[in-house]
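Taking my numbering, I'd label the letters of the sequence shown as residues 7 to 270. Glycine included, C-beta positions come from ideal geometry on N, C-alpha and C. Please read the structure below before turning to the comments.
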Amino acid sequence: MTGNASRYLRAQDVSVSLGGRDILSHVSLAFAPGQVTAIVGPNGAGKSTLLTSLVGLRAPGHGQVVLEGSAILAMSARERARRIAYLPQTPEIAWGLDVRTFVRLGRTAHTGVFGESAADAFAVDAALASTGLSGFAARDIRTLSGGERARAHIARALAGEPDWLVADEPLTGLDLGHQLDAADLLKGAAARGMGVVVSVHDLGFAVRAADRIVVMMEGQILSDGAPAEALTAEVLAKAYAVDAHWVAGQSGPLLDVIARRGLS
Ligand code: ADP
Ligand code: MG
C-alpha cells in the first residue's frame, strides 16, 4: 500500500535551530502516499516547525526535505503549492470573501486567480460538498463559526487536488461530529492516493484517523509506528508526563488517562 519509495516525502536529517535553541534535531522521516500520518507530541515539541520545513516554507539549518526525488527548496513556490497543500496552525482570513471564492483560492496554483475552468468549478464544488459547506457557498467567510471556518480551510486545501496534504492541527474548533467527518475525509483522501501528514492534539482522533503515528518530543522522534505500537504507556508517560493506558472501547481502543505523573 505504500507504493514506490521514489514517491515519498522525506525529511532527511533535518535540524532547525531558532534563537540559539535546537528546535529540530536530526529528524529523518519518510512519508508514504496513500497514508495518513499523525504527528503528535506535547506543546513545543517541534511539530509546527517540522511541518513548515516539510512544505518548503522553512530552510533547515542542516539536512533537507525531498519531495518525490526533488529537493523541495529547489522547486518554485507555484510547483510546491500545486503538489502540497499546507494548512497552517492558525490560518488567517483577512478579507470578506464568500466561501466559494475562498475555496476557489485553492486552485490558484493551477489556473491563477482569475477565470474558472470546468475542472476548477468541479474541484471547488467537490471540496465544498465533502466538507459539508455547499450550503455556505455564498456566505461571507467572516460570518462563519470557528468550526465552519476550519472546514472552509480544509475545503480550500482539497480544492487544489494536491498529491500531499500537510495540515497543522486542522481539527481545532471542530465539534465531535465534524472531527469524525474530518477523520473520514482525510482517510478517504489517502485511500485515493493522497499523502496526508497532520499534526493533532487529540490522541483518540490520531488513533482513529491515522495509519501511522509519529510522537515528537523536544525536537526529536520519540516513537513512530502503527497507532498501538507508537503510543505505548511508556511513550505517553515520557511525552506527556501522564499515566495512561489503552482500554478496549466499542469503536476501538480508548485512551484511559489515569493521572498526571508525579501528582497522584
Ligand atoms: P509545536 O508545534 O510542537 O507546539 P513548534 O514547532 O511550534 O512546536 O515550536 C517548537 C519550539 O520552538 C517551541 O519551544 C517554540 O517556542 C520554539 N520556537 C518557535 N519559533 C521560534 C522562534 N522564532 N524563535 C525561538 N524559538 C522558537
Ligand atoms: Mg504547533
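{"Asked": "Backbone secondary structure at Gly25 - three-state DSSP", "Found": "coil"}
{"Asked": "Any beta strand (DSSP E) of 3 or more consecutive residues that is wholly inside the segment 35-61", "Found": "42-46"}
{"Asked": "Check your reading: residues with Cβ closer than 7 Å to the ligand MG heavy atoms", "Found": "Lys53, Ser54, Gln95, Asp174, Glu175, Ser205"}
{"Asked": "Residue range of the unbroken alpha helix (DSSP H) whose run includes Pro233", "Found": "233-236"}
{"Asked": "4-residue-minimum alpha helix (DSSP H) runs that sit fully inside the segment 213-255, ordered along the chain", "Found": "233-236, 239-246"}
{"Asked": "Expected contact under 8 Å - CB spacing of Val241 and Val203 to nearest Å", "Found": "The pair is not a contact, with the Cβ atoms about 19 Å apart (cut-off 8 Å)."}
{"Asked": "Contact test: Leu24 Cβ vs the ligand ADP heavy atom, cutoff 6 Å", "Found": "yes"}
{"Asked": "Cβ-Cβ separation, Ala165 to Gly112 (assumed contact under 8 Å), whole Å", "Found": "3 Å"}
{"Asked": "Nearest-angstrom Cα separation, counted from Trp170 out to Leu134", "Found": "19 Å"}
{"Asked": "C-alpha gap between Asp271 and Ala236, whole angstroms", "Found": "A question about residue 271 goes unanswered here, because the residues of the chain that appear run from 7 up to 270."}
{"Asked": "Spatial neighbours of Gly179 in its chain, beta-carbon cut-off 6 Å, leaving aside the 5 residues before and after", "Found": "Gly152, Gly153, Ala156"}
{"Asked": "Contact test: Gly50 Cβ vs the ligand ADP heavy atom, cutoff 6 Å", "Found": "yes"}
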